[in-house]
Amino acid sequence: MASRESSIRAGIRSSLREWAGVVGGAALFYLVMNSFAFAGFHVPSESMLPTLKVGDQFYAAKWAYGYSRFSSAFTRLPVDRFPTGSGRYPDQLPDRGDVVVFRVPGVEEDYVKRVIGLPGDHIRVSHGRLFLNGTLIPREEVRRYSYRQQGGRVVTATEYRETLPGGHAHLILEQSDEGPADNTPDYVVPPGHLFMMGDNRDNSEDSRFLDAVGYIPAERVLGRVGLVAFSWTGCTDEPGLACPGGGWLDRLARSVD
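So the numbering used here is basically just the index in the sequence shown, starting at one, shifted up by 11.
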């Protein structure tokens, strides 16, 4: 009887070790992938409409610009507990127009926006129009429509195709050219920093708000967004209202420009 009980206990211990190995291996795989390859995020706000919409699930390429102390999955904890230095290796900046995920200083939250300014750039917005290094950035009207915002309010906006230097074209939304952040001072991007803006120009807290987001240190960029995998939420068809970015099927494996 004692021998049988010992055999049972040994079998249980063996099974537990096997399960611990499986769980530990899966956790290690997740941490490695999350830190060095791809990390999953979802979109909680409308600040990047029509490029990204609420509920989109996307994966950011962590290797696109090299790695920093913020690349690790553990940086949800206070970063001052990890005195691993600063900077990025290899030191590679995003291109203007890239959509990136970054960690906002102070609040330590992850935002997704578009890179508009690189170190040394002069940026300002005048009557809704973007100026980069003194040059007016061209935009072309695509369509005008009304849609229901996340909070339930119906608004009317114009969708434009904006083209940055180098030829990168992307869509933006403007409800008005005289919104709260449509007339700004001249921003000068400091060395080692980036200037971010949301594509939904009248509904985005971004680098235009220096006290809230401001200039983003390049080492805080977590990765580049190139593809929406799917969306957790759809868009209800309503007479006379559009769905910016499309519905469920439009979001499947959708490329991010």
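From the three backbone atoms N, C-alpha and C, an ideal C-beta is built for every residue, glycine too.
DSSP-derived helix/strand/coil call for ALA50:
In the sequence shown, residue 50 corresponds to position 39, counting from 1. Looking at ALA50 - three-state DSSP - the assignment turns out to be strand.
Using the Cα positions of TYR226 and LEU238, report the straight-line distance between them to the nearest angstrom.
Taking the first residue of the sequence shown as position 1, residue 226 is located at position 215. Taking the first residue of the sequence shown as position 1, residue 238 is located at position 227. The straight-line gap from Cα to Cα measures roughly 25 Å.
Please identify the residue among MET59, ASP109, PRO116, PHE69 whose C-alpha is closest to the C-alpha of PHE81.
Locating residue 81 in the sequence shown gives position 70, where the first residue counts as 1. Minimum Cα distance to PHE81 is reached at PRO116.
Mind checking which residues open and close the alpha helix (DSSP H) that includes ARG262?
Locating residue 262 in the sequence shown gives position 251, where the first residue counts as 1. Residues 259-262.
If I measure Cβ to Cβ from ASP106 and keep anything under 8 Å in the same chain, skipping five residues before and after, which residues do I get?
On the sequence shown, residue 106 is found 95 positions in, with the first residue counted as 1. Counting only Cβ-Cβ distances below 8 Å, and skipping sequence neighbours, we find VAL126, GLY177, HIS179.
Pick out the complete beta strand (DSSP E) segments inside the segment 214-254, 3 residues or longer, and give them in chain order.
232-242
Does the segment 238-255 touch the segment 56-70, meaning 3 or more C-beta pairs lie closer than 8 Å?
yes
So within the segment 113-184, which uninterrupted beta strand (DSSP E) runs reach at least 3 residues, ignoring any that extend past its ends?
121-128, 133-137, 140-143, 150-159, 165-174
Could you give the first and the last residue of the continuous beta strand (DSSP E) run that contains LEU104?
Residue numbering aside, residue 104 sits at position 93 when the sequence shown is read from its first letter. Note, LEU104: premise wrong, no beta strand (DSSP E); not H, not E.
How do the segment 154-169 and the segment 183-202 stand: do at least 3 beta-carbon pairs fall below 8 Å, yes or no?
yes
On the three-state DSSP scale, how would you describe ARG265?
For the purposes of this step, residue 265 is identified with residue 254 of the sequence shown, where counting begins at 1. Reduced to three states, the DSSP call for ARG265 is strand.
Tell me the residue span of the beta strand (DSSP E) that contains PHE206.
Along the sequence shown, one-based indexing puts residue 206 at 195. Residues 204-208.
CB VAL112 to CB PHE52, shorter than 8 Å?
Counted from its first residue, the sequence shown places residue 112 at position 101. Counted from its first residue, the sequence shown places residue 52 at position 41. It is a contact, given that the beta carbons lie within the stated cut-off.
Identify, in the order they occur along the chain, each residue of the same chain with its Cβ nearer than 6 Å to the Cβ of GLY258, setting aside the five sequence neighbours on each side.
In the sequence shown, the residue the question calls residue 258 occupies position 247. GLY245, CYS246.
Check the C-beta distance from TYR198 over to ARG135 and give it rounded, since I have them as a contact under 8 Å.
Within the sequence shown, numbered from 1, the residue matching residue 198 stands at position 187. Within the sequence shown, numbered from 1, the residue matching residue 135 stands at position 124. Going by Cβ atoms, the distance from TYR198 to ARG135 rounds to 6 Å, so yes, they are a contact pair.
Report the partner residues of ASP67 according to the DSSP bridge assignment.
Residue numbering aside, residue 67 sits at position 56 when the sequence shown is read from its first letter. The partner list for ASP67 (beta bridge, DSSP) reads SER242.
By the 10 Å Cβ neighbour count, where 16 or more other Cβ atoms means buried, how is ARG164 classified, buried or exposed?
The residue you call residue 164 lines up with position 153 of the sequence shown. Exposed, by the Cβ-count rule.
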